[in-house]
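One structure below.
In mature numbering (1 follows the signal peptide of the UniProt record, and there is no 0), the protein residues as written are -26 to -1, 1 to 511.
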């Protein structure tokens, strides 16, 4: 039995006939073999249990050549073996859901065979708002296959990678606008938003933190770790900054090391400085070759060089002084522009800020004149060792030698006395020019002046010795006269040994002369006695 064949012409005729004879009721048309009524929701209801509906079959060329396709137009593409429909803007294929990646995830995938990406030699593009944000290149490149998209971000746990990274090349950039202006700079590592932002040709730099080394252009071999660290550096080399705003203002400085928040903050052109501690060398601008270890050590230094400060606030007030050494908390804290000074011990210091070659050793020791050494504070009662103090006395280093030392006349004019030393009053004298805050720190030290003031001393009054020296026209080095209102008189008792020796020599001469005179008198007396005896006989 031949199958029933309905030609297109017959189909169209029947279809039009049904529509024309049912103008009111012909909202739906049914084509079937069982006489069932068409669904009211369909304009055409085709029903069969043994046959299907054959959609027009076209090649891809034919499909895409359709002029002005209507939205919803459906065809079967014989080249792709898929149904295609036109969505009003482009042809879309119909595929089984199991072959697509779902926005809610997929089940039953295999890592060996399933993937996201391209299977041919084209780039993989990631877009948002229909704008390209990132591109994976199909061919290997110096950028690790990730193309530069100036306006794009790739954010993972709040960290943005590769946004405006410039010419990355052999550099590593992680963060928004890191290495943004880089041209030929190589072997740099930038981590943090705008780290190494302006770097162009600088090499071997490492910057970690928001705008770390952001201003660097050609500087090389620098390391910056922390928010704003080495921020203004442009051409400086071999610097290391660790901590927020460490070496912030350094522009062309070289060979500096700063560790701690705001350490070497103001350094602009200073070189070869080392600062370790919160705020250490904070104000340094052009000072060179300084070393500061401790919170706010060398804090105020601007142009002073070759200083060494170890301890909290050591050399705190130093501005332009150079070649100073302060070891201990607040040691040499009041030095401003003095040079070649040394203070060792807690609060060991200078009485004024402009001394030269002054040394204070011991807790609270204060030196109050240039070219002077002070050991211990005013509470010290004993300074000693197992041997005596040696004074240089090498004839090879002496000139203008004269034997004009006064002796007995000088010694006889001196007034030896016993006395008690007013240690507390002396301490106040040393501190008279110090800031109140420092005086408070000195006063808070657990020192007792009782023992020092009760000790009975034997010696001279320096002012009296000074008058004797002047009276005799003697250039005597045993009395130190004050050079400022903070200085004090002092006596070098060793210097009295020589005039005492001279006095003894003079006395010996007189003794010898008297001895000779005495012998002569004895002889004369003997002769007189003998004559008298002879006359009696």
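The C-beta atom is built at its ideal place from N, Cα and C for all residues, glycine as well.
By the Cβ test, the region 479 to 497 is not in contact with the region 368 to 379, since fewer than three Cβ pairs between them sit closer than 8 Å. For the region 435 to 482, not one full-length beta strand (DSSP E) segment reaches 3 residues or more. The secondary-structure analysis by DSSP pairs residue 50 across a beta bridge with 31 and 57.
The three-state reading of DSSP puts residue 277 in coil, since its state is none of H, G, I, E or B. With the rule of 3 Cβ pairs closer than 8 Å, the region 299 to 307 counts as touching the region 276 to 284.
In the DSSP assignment, residue 407 falls outside any beta strand (DSSP E), carrying neither H nor E. A straight-line Cα-Cα distance of about 21 Å links residue 336 and residue 270. Around the beta carbon of residue 222, 16 or more other beta carbons lie within 10 angstroms, which makes this residue buried. When DSSP states are grouped into helix, strand and coil, residue 68 belongs to the strand group. Using a Cβ-Cβ distance cut-off of 8 Å, the region 363 to 371 and the region 432 to 442 are not in contact, since fewer than three pairs of beta carbons, one from each stretch, lie closer than that value. Looking at the backbone, the Cα of residue 13 and that of residue 41 are separated by about 33 Å. For the 9 Å CB-CB criterion, residue 189 and residue 162 do not form a contact.
Straight-line spacing of the CA atoms in residue 387 and residue 444 works out to 12 Å.
For residue 193, same chain residues with a beta-carbon under 6 Å away, outside a window of 5 residues either side, are 176, 207, 209, 210 and 211 in chain order. In the same chain as residue 144, and ignoring 5 residues on each side of it, the C-beta atoms closer than 6 Å to its own belong to 160 and 161, in chain order. The three-state reading of DSSP puts residue 399 in helix, counting H, G and I together. With the rule of 3 Cβ pairs closer than 8 Å, the region 316 to 324 does not count as touching the region 379 to 393. Around the Cβ of residue 218, a 10 Å sphere holds 16 or more other Cβ atoms; the residue is buried. Judged by DSSP in its simplified three-state form, residue 346 adopts coil rather than helix or strand.
Taking all protein chains in view, the Cβ of residue 112 is surrounded by fewer than 16 other Cβ atoms within 10 Å, so the residue is classified as exposed. Distance from the CA of residue 346 to the CA of residue 455, rounded to the nearest whole angstrom, comes to 12 Å.
Exclusion of the five residues before and after residue 201 leaves 183, 184 and 218 as the residues of its chain whose Cβ lies within less than 6 Å of its Cβ.
In this structure residue 30 is exposed. Its beta-carbon is surrounded by fewer than 16 other beta-carbon atoms within 10 angstroms. Scanning its chain for C-beta atoms nearer than 6 Å, with the 5 sequence neighbours on each side dropped, one finds around residue 260 the residues 243, 244 and 277, in chain order.
The continuous alpha helix (DSSP H) containing residue 427 extends over residues 424 to 428. Taking the C-beta atoms as reference points, residue 247 is found nearer than 9 Å to residue 227. Per DSSP, reduced to three states, the secondary structure at residue 369 is helical. Boundaries of the alpha helix (DSSP H) around residue 382: 382 to 386. From the listed residues 481, 477 and 55, the smallest Cα separation to residue 33 is found for 55. Put simply, of 477, 434 and 236 the residue whose alpha carbon is nearest the alpha carbon of residue 465 is 434. Nearest C-alpha to residue 95 among 110, 82 and 81: 110.
Around the C-beta of residue 405, 16 or more other C-beta atoms lie within 10 Å, and the residue is accordingly described as buried. Here DSSP, grouped into helix, strand and coil, assigns residue 19 to strand. Setting aside the 5 residues that flank it on each side, residue 197 is surrounded in the same chain by 180 and 214, each with a C-beta closer than 6 Å to its C-beta; the list follows chain order. When DSSP states are grouped into helix, strand and coil, residue 25 belongs to the coil group.
DSSP places residue 5 within a strand segment (E or B) once states are collapsed to three.
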